[in-house]
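Residue numbers (the working numbering), protein chains in the order written: chain L, 6 to 248; chain C, 4 to 484. Cβ atoms here follow ideal geometry from the backbone N, Cα and C, with glycine treated the same way. Computed from a predicted model, the values in this text were never measured in an experiment. Below is one structure, written out as structure tokens; the observations come after it.
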Amino acid sequence: MRRAAIAGATVVLVLGFLLVVRPFVAEQRPTPASIPSPASVTGLDTVPLQKGHPVCFTDVVAEAHAERFSFRVSTPFGPTPELRVTIRGGGYDYTATIPPGLQDGQAAEAAIPAPLRDIPVEVCIRSRGEPLIGLYAANDRARSRSTAVIDGEDTNKSVWFSFEEPRWHAITERVGLTIDRMTVFRPGYVTRGLLWVLAALFVFGVPVAIVWAYVRALREDGPRAAPPLDVNRRRSRWRRFVD
Amino acid sequence: MRRLRRIPLPLLAVLGVVLVEGLAWAFAVPALQGADESAHFSYVQKLADAHVMPWRNPDLGYLEPAYPPSVSTEQRVAWTWAGLEPLRGNRAARPLWTHEDERIWARENAKLTPDHRTDGAGSRVVDNPPLYYLTAVVPYEIAGGTFFDRLYALRVYNVALLLVAVALTWLLAGELFGRRRELQTLAAAAVALHPVLLDVATRVTPDVLLLTLASAALYLMTLVVRRGPSWRRVAGLLAVVAAACLTQGRGLGLVAPALFAVGLGWWRARGAPRPGVLGRVPAVVPWAVGALVVLVAFAAYATRFDFGELAGFWSYLWQFYLPPLPGMTDPIGVSWDVENVYLNRFFGTFVQFEVDFPPDLLRAIRVAVFAGLALLAVSAWRHRRALWARRDVVAVLLVAFVLSVLALHAAAFRSLLVNPADPVITGRYLLMLIPLYGIGVAAAVAAFPGRVRALASGGLLGALVLLQLSAFGLVVERFYA
Numbered sequence: 006m007r008r009a010a011i012a013g014a015t016v017v018l019v020l021g022f023l024l025v026v027r028p029f030v031a032e033q034r035p036t037p038a039s040i041p042s043p044a045s046v047t048g049l050d051t052v053p054l055q056k057g058h059p060v061c062f063t064d065v066v067a068e069a070h071a072e073r074f075s076f077r078v079s080t081p082f083g084p085t086p087e088l089r090v091t092i093r094g095g096g097y098d099y100t101a102t103i104p105p106g107l108q109d110g111q112a113a114e115a116a117i118p119a120p121l122r123d124i125p126v127e128v129c130i131r132s133r134g135e136p137l138i139g140l141y142a143a144n145d146r147a148r149s150r151s152t153a154v155i156d157g158e159d160t161n162k163s164v165w166f167s168f169e170e171p172r173w174h175a176i177t178e179r180v181g182l183t184i185d186r187m188t189v190f191r192p193g194y195v196t197r198g199l200l201w202v203l204a205a206l207f208v209f210g211v212p213v214a215i216v217w218a219y220v221r222a223l224r225e226d227g228p229r230a231a232p233p234l235d236v237n238r239r240r241s242r243w244r245r246f247v248d
Numbered sequence: 004m005r006r007l008r009r010i011p012l013p014l015l016a017v018l019g020v021v022l023v024e025g026l027a028w029a030f031a032v033p034a035l036q037g038a039d040e041s042a043h044f045s046y047v048q049k050l051a052d053a054h055v056m057p058w059r060n061p062d063l064g065y066l067e068p069a070y071p072p073s074v075s076t077e078q079r080v081a082w083t084w085a086g087l088e089p090l091r092g093n094r095a096a097r098p099l100w101t102h103e104d105e106r107i108w109a110r111e112n113a114k115l116t117p118d119h120r121t122d123g124a125g126s127r128v129v130d131n132p133p134l135y136y137l138t139a140v141v142p143y144e145i146a147g148g149t150f151f152d153r154l155y156a157l158r159v160y161n162v163a164l165l166l167v168a169v170a171l172t173w174l175l176a177g178e179l180f181g182r183r184r185e186l187q188t189l190a191a192a193a194v195a196l197h198p199v200l201l202d203v204a205t206r207v208t209p210d211v212l213l214l215t216l217a218s219a220a221l222y223l224m225t226l227v228v229r230r231g232p233s234w235r236r237v238a239g240l241l242a243v244v245a246a247a248c249l250t251q252g253r254g255l256g257l258v259a260p261a262l263f264a265v266g267l268g269w270w271r272a273r274g275a276p277r278p279g280v281l282g283r284v285p286a287v288v289p290w291a292v293g294a295l296v297v298l299v300a301f302a303a304y305a306t307r308f309d310f311g312e313l314a315g316f317w318s319y320l321w322q323f324y325l326p327p328l329p330g331m332t333d334p335i336g337v338s339w340d341v342e343n344v345y346l347n348r349f350f351g352t353f354v355q356f357e358v359d360f361p362p363d364l365l366r367a368i369r370v371a372v373f374a375g376l377a378l379l380a381v382s383a384w385r386h387r388r389a390l391w392a393r394r395d396v397v398a399v400l401l402v403a404f405v406l407s408v409l410a411l412h413a414a415a416f417r418s419l420l421v422n423p424a425d426p427v428i429t430g431r432y433l434l435m436l437i438p439l440y441g442i443g444v445a446a447a448v449a450a451f452p453g454r455v456r457a458l459a460s461g462g463l464l465g466a467l468v469l470l471q472l473s474a475f476g477l478v479v480e481r482f483y484a
């Protein structure tokens, strides 16, 4: 009985790990480095961007893995002019140029050198041409702390803005980093060590403990549950397996 | 230590599993991402910091939990400066996950005064009875510290409540299965590995105290009918049901089953009626009268005492589970049926419903549920003698299930009469009956004989572990990948 239980669990767990868990955790996915201001939840809104009136926002953290940034443009009057994006703060200062020609709804993206560490920065987006364009922004509950300021005036909208890693990653490549990130905005006792222990116990300890509990229960039931066998009665192979 | 040794080892192992899973879920999910979690936290904060019971705001009425003035300034600062509100239910967002983000929040948080913890206006959640929130004040006060210290202390408190609920499932299974460790372990493990239970129970919510008290009520009901209605058992049962009602309105669904259990226990303990007028009344009559009273009470509640709506209620109830009969009109409200509640929401939606199992997996769960129901029928037939010997416990658990679900439907229909856009009833609400799910799983597996059962049980436990890991993996992916 006990061996049958262990066999049943092992077969399902091994097949499950091979066919479900492994493909899931090994799949390559786009990896954000940080998303200071996410997209809206309930509707679309924009912040106007004109030549000579840059759109700036502060309290943005450029994460150490950030090697690209991205935001989305609205261009009702034709393709975008050249855009310049300055990221400055904590000893980091870089200006990226986005060539003209983006269409309505397209993402404006550019590569940046990765910061040496996570640093709070100010981002300023400038237009180098005449046509008025818009930057998609959140004006609902997705509005972040980094609201856009134009000519010193707060628009009370946050431009959809994210930092990304240059290549895609699997979940397994990012376990250590993910655990680090889980310690942020947590009580002091939620340390990396505690989370590593919990992760190991969850993935390896839980399956073992559950199967052990069942096998132990079978053992505790054993003497009581065993049906009396009639040795004079001929039993089929199936019956012998079942009993 | 000696007492710990008296706890059966299989139960200890299952409780260890719950502890690991519970803490993992509690710490992995960022703050305030559970359903109405910010509103529930606000309620506790009002009790603990302002030392007042929150009531409906006389000037503002009932506020939506997402409306900023409903919560304290301290919480609003966390919403904005820790990025919690943009994250809620927003798949495009990720948590602010650097220690620099923490420093920016701490800078703003340091500007607050003690008054900023007490200025929340409250939301419609203040309509909830206060018991959970009053008990949660204890871990809130012990934790002290920052907003996050206190919030995660409440989540850990809920993990402790979940441990009690799983232990009660074990005890309940023991009453039904005659202390067969194998089936007790299966029942407790099925509950311990239920993915939506872990997701819901590890947020700040009164639902976890409700399901713990409901588990205790179910266990006490079986004791009352199995061992007789001693005043201690009856008082204990009534106290637990009262506590459930003081925790969440859905606890009212336990009142009728508890009365049924007390009545049945009393009737069985009393033996054959003495000669006289009452002795000549067939036994079925008082039960039929009781059932009629309960049904009329449900109907009156569901229809808001407008019995003209009764046909609509029965039509809604019928079409929730079955195809419409000829002549039936469309039920009130949005299209929302048994599959949404008992399958999709009970097994497969997480956090703010933005994470769910893929359709293929839900289809597989659906097949497993139907197979389980068929096995349950086979098992009932196979163990009919044992079931007959425990018919009182079976009857009580069946009545508890039916009446509790009927109460949920009555409350849902009552609400639909006012707001047809919100179906109200959801899989989360069934969690108060989670011990019955565990018992159902164990009973279904008992359909198999000997080694086949062991093989099937091992396979089932492996599958439940995978389901749990899948749910956790999807939630981690949603926030951190």
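- For W201/L, no Cβ of chain C is located within less than 9 Å of the residue's own Cβ.
- For T149/C, a Cβ of chain L is located within less than 9 Å of the residue's own Cβ.
- Interface with chain L (9 Å Cβ-Cβ cutoff): Q471/C is included.
- Against chain L, the beta carbon of E103/C has neighbours under 8 Å at V66, D123, I124, P125, listed in chain order.
- Going by DSSP, D50/L is part of the beta strand (DSSP E) stretching over 50 to 54.
- At a cut-off of 9 Å between C-beta atoms, A42/C does not count as an interface residue with respect to chain L.
- Between T85/L and N60/C, the alpha-carbon positions lie close to 50 Å from each other.
- Within the region 53 to 85 of chain C, the residues whose Cβ lies closer than 7 Å to some Cβ of chain L are A69, T83, W84, A85, listed in chain order.
- Residue burial is scored here from C-beta neighbours: S149/L has at least 16 other C-beta atoms within 10 angstroms and is therefore classed as buried.
- With a cutoff of 9 Å on beta-carbon distance, G453/C and G13/L are scored as not near each other.
- Short of 6 Å from the beta carbon of R133/L, and not among the five residues preceding or following it, lie these beta carbons of its own chain, in chain order: P86, E87.
- DSSP lists no bridge partner for R122/L.
- DSSP places T225/C in the uninterrupted alpha helix (DSSP H) bounded by 210 to 230.
- One thing to note: S39/L has its Cβ within 9 Å of the Cβ of D123/L.
- By the C-beta density criterion, S473/C is buried, having at least 16 other C-beta atoms within 10 angstroms.
- Within the same chain, and ignoring the five residues on either side of L419/C in sequence, the residues whose Cβ sits closer than 6 Å to its Cβ are I335, G336.
- V60/L places its beta carbon 9 Å or farther from that of L107/L.
- Unbroken beta strand (DSSP E) runs of no fewer than 3 residues, entirely contained in the region 69 to 122 of chain L, are found at 73 to 79, 88 to 94, 97 to 103, 112 to 116, following chain order.
- Assigned with DSSP and collapsed to three states, G239/C falls in helix.
- In chain order, P98, L99, W100, T101, H102, D104, E105 make up the part of chain C whose C-beta sits under 8 Å from the C-beta of V189/L.
- Of the candidates A146/C, L171/C, A170/C, A146/C places its Cα closest to the Cα of V159/C.
- In the assembly as shown, A113/C is an exposed residue. Its beta-carbon has fewer than 16 other beta-carbons within 10 Å.
- Within chain C, A16 have C-beta atoms less than 7 Å from the C-beta of W217/L, given in sequence order.
- Between A10/L and V211/C, the alpha-carbon positions lie close to 32 Å from each other.
- Here DSSP, grouped into helix, strand and coil, assigns E111/C to helix.
- Taken in chain order, the complete beta strand (DSSP E) segments of 3 or more residues contained in the region 136 to 166 of chain L are 138 to 143.
- Taking a Cβ-Cβ cut-off of 9 Å, L257/C has no neighbours in chain L, whose nearest Cβ is about 29 Å from it.
- Between G177/C and P232/C, the C-beta spacing is not below 9 Å.
- Taking a contact as a CB-CB distance under 8 Å, the pair W28/C and F475/C counts as one, their CB atoms being some 7 Å apart.
- The closest CA to that of Q48/C, considering only W84/C, R183/C, D122/C, A38/C, is found on D122/C.
- If you draw a straight line from the Cα of P89/C to the Cα of V405/C, it comes to about 40 Å.
- The DSSP assignment places complete alpha helix (DSSP H) segments of no fewer than 4 residues inside the region 338 to 423 of chain C at 362 to 385, 387 to 392, 394 to 419, in order along the chain.
- For a cut-off of 8 Å, the C-beta gap from R206/C to R481/C is around 15 Å, too long to register as a contact.
- Under the three-state reduction of DSSP, P68/C is assigned to coil, being neither helix nor strand.
- Counting along the chain, P89/C sits inside the alpha helix (DSSP H) bounded by residues 87 to 90.
- F76/L is a Cβ neighbour of A112/L, given a cutoff of 9 Å.
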